[in-house]
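Peer 1: In this note's numbering, the protein residues as written are 409 to 559. Even glycine gets a Cβ: it sits at the ideal position worked out from N, Cα and C.
1. Could you give the distance in angstroms between the alpha-carbon of residue 415 and the alpha-carbon of residue 424?
2. Under 8 Å, with one C-beta from each stretch per pair, do the stretch 462-470 and the stretch 482-489 reach the 3-pair mark?
3. Quick check on the DSSP output: the beta strand (DSSP E) that includes residue 528 runs from which residue to which?
4. Nearest-angstrom Cα distance between residue 409 and residue 417?
5. Around the Cβ of residue 489, are there at least 16 other Cβ atoms within 10 angstroms (buried) or fewer (exposed)?
6. Taking the straight line between their C-alpha atoms, what separation do you get for residue 556 and residue 470?
7. Enumerate, from N- to C-terminal direction, the unbroken beta strand (DSSP E) stretches of 3 or more residues contained entirely within the stretch 488-527.
8. Roughly how many whole angstroms lie between the Cα atoms of residue 542 and residue 436?
9. Taking only three categories from DSSP, how would you classify residue 445?
10. Can the beta-carbon of residue 519 be found closer than 8 Å to that of residue 548?
11. Just to confirm before moving on: does the CB-CB distance between residue 434 and residue 456 stay below 8 Å?
12. Return the first residue and the last residue of the alpha helix (DSSP H) that residue 419 is part of.
13. Using a threshold of 8 Å, state whether the C-beta atoms of residue 521 and residue 546 are closer than that.
14. Cutting at 8 Å between CB atoms, please list the residues of its own chain near residue 508, excluding the five before and the five after it.
15. Identify the continuous beta strand (DSSP E) that holds residue 426 and give its terminal residues.
This is the structure:
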């Protein structure tokens with residue numbers, strides 16, 4: 409069973425509604441989740457907030473918060489969960505590369521999650537070209553959703 413199949417099964421069995429907030433992955437995570445079986449029943453949708461200004465305007469990220477940080481990842485997850493009414497949300501933000509950005513090395517990625525009762529983050533240190541970092545980040549976000557649903 410693939411990760412996305414496992415996510416679909418868990419969401420359907422538990423009735424959990426999921427949402428995503430994406431920066432680095434630019435909609436790839438939502439496209440992956442949206443293609444899963446029965447997604448219309450359990451995937452609320454998401455927000456692609458690539459530009460910092462979009463994070464501020466749409467998801468209410470406060471000025472001065474580093475977009476490649478635990479604080480940003482957690483805020484984005486909480487905000488998209490609140491915006492969509494989802495039970496569980498995950499966010500992806502970081503630096504895909506190939507060059508460092510604002511003092512962060514390529515492959516520095518933060519995943520945030522929020523389930524209403526708790527919020528947290530995971531730091532990833534990924535290798536590879538930007539496309540690989542994006543793919544690995546989206547896969548890790550699906551894995552994080554699965555992990556949170558199993559708790």
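Peer 2: The relevant details are as follows:
1. Residue 415 and residue 424 have their alpha carbons spaced roughly 10 Å apart.
2. yes
3. 527-533
4. 10 Å
5. buried
6. 26 Å
7. 496-502, 516-522
8. 8 Å
9. coil
10. yes
11. For residue 434 and residue 456, yes; Cβs fall inside 8 Å.
12. 411-422
13. no
14. 514
15. 426-430
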